[in-house]
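Data first, discussion second: the structure below is written as structure tokens.
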Amino acid sequence: MRVPLRLAPILILMSALAVASDSEKFAGTWQASAKGTVFLVLKVKAGEKISGTLNAGHIELDDEGELKDATPVEDLEAPIFFARVEGDKLTFDFQDTDNDVLTFELKLTGDGAGELRIVDKDHPKLKGFAVKKVAG
Numbered sequence: 064m065r066v067p068l069r070l071a072p073i074l075i076l077m078s079a080l081a082v083a084s085d086s087e088k089f090a091g092t093w094q095a096s097a098k099g100t101v102f103l104v105l106k107v108k109a110g111e112k113i114s115g116t117l118n119a120g121h122i123e124l125d126d127e128g129e130l131k132d133a134t135p136v137e138d139l140e141a142p143i144f145f146a147r148v149e150g151d152k153l154t155f156d157f158q159d160t161d162n163d164v165l166t167f168e169l170k171l172t173g174d175g176a177g178e179l180r181i182v183d184k185d186h187p188k189l190k191g192f193a194v195k196k197v198a199g
């Protein structure tokens, strides 16, 4: 099927707008807390290209992937990269202070609520952290 050249720019624009509107639901500041302590802050900027930052304290998990302990966020905000949206999931990569690249998945679970988990094929039991949007 041939698309007339006059329609091609319109189709490209419509495609870009669809991507931007899908990413808008993730835009804002998300926080995870445990025992009254904010241990993770994710800031997402929506648009044609999704960008943002992640800032986390030290997180300790048990063998079942449950959160054992978490310290408050540190002053080490770092960029996220390779962000992509598929339905109600935002997946992105993040390089920690040990230079390890981690893949995260933010799944929307309700209005201003989600679950953020580390995606690791070697540790499939890792559970997600409840996050809530604190600023849009």
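Residue numbers for the sequence shown follow our numbering, beginning at 64 and rising by one. Glycine included, every Cβ here is placed at the ideal spot set by N, Cα and C. Everything numeric in this text was worked out from a predicted model, so none of it was measured.
Query                                                                                                                                      : Result
Quick one: what's got a C-beta closer than 7 Å to residue 172's C-beta in the same chain, skipping five residues either side?              : 178
According to DSSP, what are the bridge partners of residue 156?                                                                            : 144, 166
For my contact list, residue 167 and residue 134 are in at a C-beta cut-off of 8 Å; report their separation, rounded to the angstrom.      : About 19 Å separates the two Cβ atoms, so there is no contact after all.
Tell me where the beta strand (DSSP E) around residue 196 begins and ends.                                                                 : 192 to 198
Who does residue 178 pair with in a DSSP beta bridge?                                                                                      : 170, 193
Please say whether residue 119 and residue 90 have beta carbons closer to each other than 7 Å?                                             : no
According to the Cβ coordinates, are residue 170 and residue 127 closer than 7 Å?                                                          : no
Would you list the one or two residues that DSSP bridges to residue 108?                                                                   : 114
Buried or exposed: where does residue 190 fall if 16 or more other Cβ atoms within 10 Å of its Cβ makes it buried?                         : exposed
Taking only the alpha-carbon atoms, compute the straight-line gap between residue 111 and residue 105 and give it to the nearest angstrom. : 19 Å
Would you call the CB atoms of residue 140 and residue 116 closer than 7 Å?                                                                : yes
Expressed to the nearest angstrom, what Euclidean distance is found between the alpha-carbon atoms of residue 100 and residue 149?         : 30 Å
Mark residue 81 as exposed unless 16 or more other C-beta atoms lie within 10 angstroms of its C-beta, in which case mark it buried.       : Below a pLDDT of 50, predicted positions are generally treated as unreliable, and residue 81, at 42, falls in that range; the measurement from the model is reported next regardless. Looking at its Cβ environment, which holds fewer than 16 other Cβ atoms inside 10 Å, residue 81 is exposed.
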